[in-house]
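My numbering numbers the first residue of the sequence shown as 21 and each following residue consecutively.
The beta carbon of each residue, even a glycine, is placed where N, CA and C say it ideally should be.
The structure appears right after this line, and notes come after that.
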Amino acid sequence: MKLVASFSRFCDLHGLRYFLMGGTFLGAVRHHGFIPWDDDIDVGMPRPDYEKLCSLMEKDNNRIGSFPFRNFKNSDTYEYVARLENPETKIIDRSAAEVEKRNSWMDIFALDGMPNNALLRKAHSFNLMRLRLMLKYSEFNKVSVNYTERPFSEKALIKVGKVIRPEKWLDTRKCLDKLDKALQKYSYESSEYVVNFMGAYKLREMFPKGFYDDDCNYTFEDLNLRGPRDYDAILSQLYGSDYMEPPSDQMKNKHFTEVVR
């Protein structure tokens, strides 16, 4: 909670827009806090605000208070999604082929513009998926191979990756740069649709930009955090119309992480 509280105060201080995303947004609506079996924190920012945040971080030693801020431009970890980390709490991540011990963190996603023309939007979507695949292949040893709730196509691509070992011949830095350039091709402000493409749901997290023009406060544990006002449209698209009903144990999103202090 310290991470998101510090992040929220920083955004308020500098006039930066942010929104609760994904499971964090679902937790705010359904549980008024964390989902009991999922303690991730995900927020999204319009690309202009995200870039302003990165610029402010450069001037402030890439920190918000005592919490380090990392993205692929200021770190050699090759994570595209920005993170605010808490060095006081460590997490053992067993989701990938290589087990890692790292700082606990919250994810900060950029919301990017999409073409207003439907055909161009489909073409751009295909290109983004292609570039994301190349990035994932370039760091194949970090792919969450233990995650079983993937569509058949992704499972097939992982099987191919295990055979061809693409990380041996793809340059991750070049893949990141190409993807970053493509994501920023269309202006957020002039787009009718925007997407959190680097989130878990990829193109399913594409919504009319107007959803993010109208936001409000949501209770999250003991904090008030920002989220789109039309929560029903967003959560129904991501989780189905019965999103207010907790899933069965078999359907719960399982994280392959362990907190160590």
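Taking C-beta atoms under 8 Å as the contact rule, Leu131 and Val215 qualify, at a distance of about 7 Å. Membership of Glu71 in any beta strand (DSSP E) is not indicated; the residue belongs instead to the alpha helix (DSSP H) covering 67 to 79.
Of the candidates Gln257, Ile55, Lys201, Arg29, Ile55 places its Cα closest to the Cα of Pro266. A distance below 8 Å between beta-carbons, with the five flanking residues on each side excluded, links Ala25 to the following residues of its chain, in chain order: Leu243. Per the C-alpha coordinates, the member of Cys31, Phe27, Met41, Asp32 positioned closest to Pro248 is Met41. Taking the Cβ atoms as the reference, Arg103 lies roughly 13 Å from Met65, outside the contact range of under 8 Å.
DSSP places Val49 within a helical segment (H, G or I) once states are collapsed to three. Residue pairing by DSSP leaves Gly42 without any beta bridge partner. Cβ contact annotation for Asp69 (same chain, cutoff 6 Å, sequence separation greater than five): Leu36, Arg37, in chain order. DSSP lists Leu245 as the beta-bridge partner residues of Tyr238. When the alpha-carbon of Asn136 is set against those of Met154, Ser256, Ser28, Ser207, the nearest one is in Ser207. Met77 and Thr109 have their C-alpha atoms roughly 22 Å apart.
Listed as beta-bridge partners of Trp125 by DSSP are Glu105. In the DSSP annotation of this structure, the continuous segment of the alpha helix (DSSP H) that includes Met154 starts and ends at 138 to 158. Straight through space, the alpha carbons of Val180 and Leu223 are spaced by roughly 23 Å.
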